[in-house]
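Numbering-wise, the numbering used here puts 93 at position 105 of the first sequence, and it's gapless, one number per residue.
The beta-carbon is built from N, C-alpha and C at its ideal position, and this holds for glycine as well.
This one's a predicted model, so the numbers in the text were calculated from it and none came from an experiment.
Beneath this line is the structure, given in structure tokens, with notes to follow.
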Amino acid sequence: MLDPKLLRTDVQSLAAQLARRNFDLDLELLNSLEEERRQAQLDAQALQTERNSRSKEIGKAKASGQDIAPLLAEVDDLADKHKAAEARLDDVLAKLNALAMEIPNIPQPSVPSGKDEADNQEVSRWGTPPIFDFPVKDHVDIGNGLQQMDFEAAARISRARFVTLTGSLARLQRALIQFMLDVHTLEHDYTETYVPYLVNADALRGTGQLPKFAEDLFAVDDGQLYLIPTAEVPVTNLVRDSIQEATSLPIKFVAHTPCFRSEAGSHGRDVRGLIRQHQFEKVELVQMVPASDSEAAHEALTGHAESILQRLELPYRKMLLCTGDMGFASTKTYDLEVWLPSQNTYREISSCSNFGDFQARRMQARWRNPDTGKPELLHTLNGSGLAVGRTLLAILENFQQADGSVRVPKVLVPYMGGVETLHG
RNA sequence: GGAGGGUUGGCAGAGCGGUUGAAUGCACCGGUCUUGAAAACCGGCAUGGUUUAACGACCAUCCAGGGUUCGAAUCCCUGACCCUCCGCCA
């Protein structure tokens, strides 16, 4: 959520910046609520002051043995008035808060204005899409050929948008997870974490999934808990309600978790294959840094994700998302898109975002600035490093061979017990 | 599932319903002393908000939400979380 001060003072420029991401800030509503809030707060405070001083007088009078009955008569209706004023204030604050929670983050100046993904800017490309001298199969056909990937079996066990992997494909997925965690912990200095896969609503509000995006989540236990849609939620919330020492920054966490998404609203999209599943594995990078470091950290974190693609020899391009395609809580997002031969195009495999202080404000995640001695909000960032299901898919398609077998990327061979090729 | 105990500032830990935003200790910051350090001594040290040009003034916060009261950290109710014992269990 945004700094409430912005909502009070600089609404015009705020509205202009939010208009860039096609968000229509209701200035009229905001201003009238704000005026109402100010008045209600002043009233409530004045009554509070009076009550406090009157009560103190009564206390003193009683202590010195005076008759307090007349004093009590004077304050007879004060409590009722105060309660009414408080109720009015609470009501306005609740409305303002509800409004504030639905306002997205402000895009950084370097983010291009745009409507949807068509307006995203390509920043760079790495690798060359492979050329095949045989008919290219998609990963579903390759998996079927290997007899190690079964969507029908998964649907019988669960429902559509689930998969089962067996044998060397299941192992390849595990190898990818190990490999990614090893690179990020050993070379990029992230701390490995293990976190809950079921989280409460506060945690989801902290990272911005709630209140706006409840329909994308799977709820459990009468809505008391939710399956995580990404490790971002539990990992970022590790610093909730805390004040970090400057010496412990930057905080860099990496976690492998399954992710669960209801995919409400994407019926009919990517129905075939691994691209869009209700359950998938992901290795997630999360950083918490001082405000002054977050832009550099964003570039570095994106580089860490890119490094995985490069080591796996997967061609990709790096996209700077336009204002219209960015997530709710983000100030700036790079998407990494991997080459998929079967679709003859690039598809998202990682999304790396800088959230500024937006999530930290909701979580009350702070650090103590030694220069001022005061707590300041952290900046939070995260990125997939990488989405494992989609990485598996990309390997199958980019490394497929004419006989239906699949070559294992060199860096993964040690993680596959020396196996260099997957056969049926 | 059953029975008990608990939740107070960065930490530990006091707190008869009335000037307690909260004793005390530790930690931390500044100073005195010292060649330097330690010790000792002195002082400072929560967060958020309203208002103000500023100094300041005021308000809120002792797990959360209700209630009683002129007045609640303190009394009552509900909930969350933590701990102990019993039962069950990977």
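For the pair V208 and V187, the Cα-to-Cα distance works out to about 10 Å. S1 sits exposed, since fewer than 16 C-beta atoms from the chains shown fall within 10 Å of its C-beta.
Along the stretch 59 to 131, the beta strand (DSSP E) occurs as fully enclosed runs of 3 or more residues at 109 to 114, listed in sequence order. When DSSP reads this structure, D323 sits in a beta bridge with M307, S339. In this structure, I216 places its C-beta atom within 8 Å of the C-beta atom of F248. Rounded to the nearest whole angstrom, the C-alpha separation of V221 and A317 is 12 Å. Shown here for F346: same chain residues with a beta carbon closer than 6 Å to its own, the five before and five after excluded, namely N93, A317 in chain order. For E251, the CB contacts under 7 Å within the same chain, skipping 5 residues up- and downstream, are R149, R264, H266 in chain order. The bridge partners DSSP lists for L262 come to none. For the options D204, I231, E74, the alpha carbon positioned closest to that of H255 is the one of D204. Runs of the beta strand (DSSP E) lying entirely within the stretch 330 to 408 and spanning at least 3 residues, in chain order: 333 to 342, 353 to 356, 363 to 365, 367 to 375. Taking C-beta atoms as the reference points, L134 and L380 fail to come closer than 8 Å. Less than 8 Å divides the Cβ of V271 from the Cβ of H244. Where K48 is concerned, the enclosing alpha helix (DSSP H) starts and stops at 15 to 51. For I239, the closest of P278, Y182, G53, L21 by C-alpha to C-alpha distance is P278.
Residue burial is scored here from C-beta neighbours: V111 has fewer than 16 other C-beta atoms within 10 angstroms and is therefore classed as exposed. Going by DSSP, Q0 is part of the alpha helix (DSSP H) stretching over -1 to 7. Nearest to G102 by C-alpha distance, out of R9, G291, V227, is R9. For N19, the number of other beta carbons within 10 angstroms of its own is below 16, and it is reported as exposed.
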